[in-house]
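The numbering of the sequence shown is UniProt numbering, which starts it at 1 and goes up by one.
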Amino acid sequence: MLFRRLTISSAKLISRRICLTAAPEPFPVWNTTPLYTKIFINNEWHESVDGKTFPTVNPATGETICLVQEGNEKDVDKAVDAANKAFARGSPWRTMTPYDRSRLLHRLADLIERDRVYLAVRLKFSPVMNLD
């Protein structure tokens, strides 16, 4: 019974992926202003613990696009603590069945595929620290 259920689900996922790849390309995203410049921890946007920022620079023009929060060890510790709590015993993710977890991850993959052009443009201008 379980094998049959997984087979049917797999067929549905394959057919959905075929439909997604056959979809026409969306229009390009022209507004490339960064939406978020803070650190994302525990499903919330935070300023860095030290409050430091660094500029994101357009390499073609040298123009500063925005200032982004500069994380350090304290911010990493904060994120690791939040991740440990999210995976603690009794948390929703740990109590969820593997089948339901896979459905969520496949849904995430479908959304990424659907919005691939938008994400590519946004990630193209994502903050990267200059190591000069």
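Just so it is clear, CB atoms sit at the ideal spot from N, CA and C, and this is done for glycine as well.
Assigned exposure category for residue i - 16 Cβ within 10 Å defines buried
i          : result
residue 56 : buried
residue 68 : buried
residue 71 : buried
residue 39 : buried
residue 97 : exposed
residue 59 : exposed
Cross-strand partners of residue i (DSSP beta bridge)
i           : result
residue 111 : Residue 111 is not bridged to any residue.
Distance between beta carbons of residue j and residue i, contact taken as under 8 Å
i           : j          : result
residue 112 : residue 82 : Their Cβ separation, rounded to whole angstroms, is 23 Å, which puts residue 112 and residue 82 out of contact at 8 Å.
TODO: Can you check the UniProt domain "Aldehyde dehydrogenase" (45–120) for any alpha helix (DSSP H) of at least 4 residues that lies completely inside it and give the ranges in chain order?
DONE: 73–86, 92–95, 98–114
Open item on the list: Using a Cβ distance threshold of 8 Å, determine whether the stretch 72–79 contacts the stretch 98–108, with at least three qualifying pairs required.
Closed with: no
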